[in-house]
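The structure appears right after this line, and notes come after that.
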Amino acid sequence: MRGWWQEITGLVLPVDCAGCGRPRTDLCGRCEGLLGGAASARQVRPVPEPQGLPPVWAAGQYGDEVRAVVLAHKERGALGLARPLGAALAGAVRRMGAAGPLLLVPVPSARRAVAQRGHDATARMARAAARELRRQGVQARAAGVLRLLRPVADQTALSGSGRLVNMSGAMAAAGGSRGLLTAAPVVLVDDLMTTGSSLTVAARAVTVAGGRVTGAAVVAGPRDPEVHPDAHHSR
Numbered sequence: 000m001r002g003w004w005q006e007i008t009g010l011v012l013p014v015d016c017a018g019c020g021r022p023r024t025d026l027c028g029r030c031e032g033l034l035g036g037a038a039s040a041r042q043v044r045p046v047p048e049p050q051g052l053p054p055v056w057a058a059g060q061y062g063d064e065v066r067a068v069v070l071a072h073k074e075r076g077a078l079g080l081a082r083p084l085g086a087a088l089a090g091a092v093r094r095m096g097a098a099g100p101l102l103l104v105p106v107p108s109a110r111r112a113v114a115q116r117g118h119d120a121t122a123r124m125a126r127a128a129a130r131e132l133r134r135q136g137v138q139a140r141a142a143g144v145l146r147l148l149r150p151v152a153d154q155t156a157l158s159g160s161g162r163l164v165n166m167s168g169a170m171a172a173a174g175g176s177r178g179l180l181t182a183a184p185v186v187l188v189d190d191l192m193t194t195g196s197s198l199t200v201a202a203r204a205v206t207v208a209g210g211r212v213t214g215a216a217v218v219a220g221p222r223d224p225e226v227h228p229d230a231h232h233s234r
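What follows is the structure, given as structure tokens:
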């Protein structure tokens with residue numbers, strides 16, 4: 000119900016750009032451009048890099064406007080932003096050179112967080128990315144086949160190694176998903192890459208289930224590989 004109401008109100012009420020606040024547009028051309036895509040996507044690596052992290056491609060660079068767009072979609076329920084965010088992710092997938100068929104697998108969020116937000120932001124972006132890839136002629140589908148097995152601590156104050164320990168063993172493939180995971184190469188999907196801990200644990204979970212991770216696509220990575228995005232995100 001909440002998601003339906005958010006989508007309807009976004010259609011009938013004036014909105015401001017989620018990135019810069021420009022009036023009467025949900026996302027202005029400049030901010031949409033900052034999300035990047037195939038032309039500007041680049042490979043990013045955290046420092047230090049956790050063992051087992053797949054190659055990660057970021058559509059754009061993390062900055063004020065991109066942060067605002069991600070948070071508007073994720074935390075404030077601006078569901079219409081899933082399309083441009085998904086297009087950015089599709090651009091990162093194209094840039095990594097992955098050829099279809101592909102299975103886009105979102106990094107799972109805690110059930111409590113999804114319930115509080117009223118939607119699963121990463122899964123929504125993954126579906127939008129798959130649609131955009133198909134529109135571009137790349138055979139792709141999205142499936143939320145990973146699950147968190149236990150609660151994890153707030154990672155805000157943890158180091159990269161601490162986050163990896165915190166997440167270790169906390170994620171697994173859902174029952175009955177082996178067929179999906181083994182049918183096509185997997186591209187992990189997330190909004191941001193910080194320490195790489197969540198993507199590393201997700202990649203391990205896919206591998207244990209028999210799948211093959213070819214890479215990961217994120218909306219944004221840090222400008223400087225040694226400087227992580229702010230602690231609001233714990234990826």
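Going by numbering that gives the first Met the number 0, 2 is the number at position 3 of the sequence shown; the sequence numbering is gapless.
The C-beta atom is built at its ideal place from N, Cα and C for all residues, glycine as well.
Item	Value
Quick one: give me the first and last residue of the alpha helix (DSSP H) that VAL205 is part of.	196-207
In angstroms, rounded to a whole number, what distance separates the CA positions of GLY209 and ARG111?	28 Å
If you run the structure through DSSP and keep just helix, strand and coil, what is ARG146?	strand
Assuming LEU147 contacts ALA125 (C-beta within less than 8 Å), just tell me the rounded distance between them.	About 16 Å separates the two Cβ atoms, so there is no contact after all.
Within a Cβ cutoff of 8 Å, which residues of the same chain sit near ALA204, ignoring the five residues on either side of it in sequence?	LEU145, MET170, ALA171 and ALA172
With DSSP collapsed to three states, give me the class of PRO83.	helix
Note the first and the last residue of the continuous beta strand (DSSP E) segment covering GLN60.	55-60
Can you confirm whether the stretch 82-99 touches the stretch 131-139 when touching is taken to mean that 3 or more C-beta pairs between the two stretches lie within less than 8 Å?	yes
Hey, is VAL200's beta-carbon within less than 9 Å of any beta-carbon in chain C?	The chain labelled as chain C is not found in the depicted structure, where only one protein chain is given.
Any idea what DSSP makes of ASP190, helix, strand or coil?	strand
When DSSP labels each residue in this structure, what does ALA171 get in the three-state scheme?	strand
Give the range of the alpha helix (DSSP H) segment to which ARG134 is assigned.	120-134
Based on Cα-Cα distance, which residue from THR213, THR206, ALA216 and LEU198 lies nearest to PRO49?	LEU198
Could you give the first and the last residue of the continuous beta strand (DSSP E) run that contains LEU103?	101-105
Taking just the CA atoms, how far does ALA216 sit from PRO107?	14 Å
Alpha carbon to alpha carbon, how far is GLY36 from GLY174?	34 Å
Could you tell me how far apart the beta carbons of GLY99 and GLN138 are, in whole angstroms, since I believe they sit closer than 8 Å?	3 Å
Just how far apart, CA to CA, sit GLN154 and SER39?	Model confidence at GLN154 stands at a pLDDT of 49, short of 50, so the residue's coordinates are unreliable; what they give is reported in the following sentence. Using only the alpha carbons, I get a separation of about 29 Å.
Taking DSSP as the reference, what is the three-state secondary structure of THR213?	strand
In the DSSP assignment, the beta strand (DSSP E) including VAL43 goes from what residue to what residue?	41-43
With a threshold of 16 other CB atoms inside 10 Å of the CB of ALA219, please say whether the residue is buried or exposed.	buried
Can you tell me whether DSSP reads ASP25 as helix, strand or coil?	coil
Quick check on the DSSP output: the beta strand (DSSP E) that includes ALA114 runs from which residue to which?	No beta strand (DSSP E) holds ALA114; the alpha helix (DSSP H) holding it covers 110-116.
Alpha carbon to alpha carbon, how far is LEU179 from HIS72? Give it in angstroms, no decimals.	28 Å
Considering Cα atoms alone, identify which of MET192, VAL113 and GLY32 is closest to VAL237.	Look at the range of the chain in this structure, 0 to 234, and you will see that residue 237 is not part of it.
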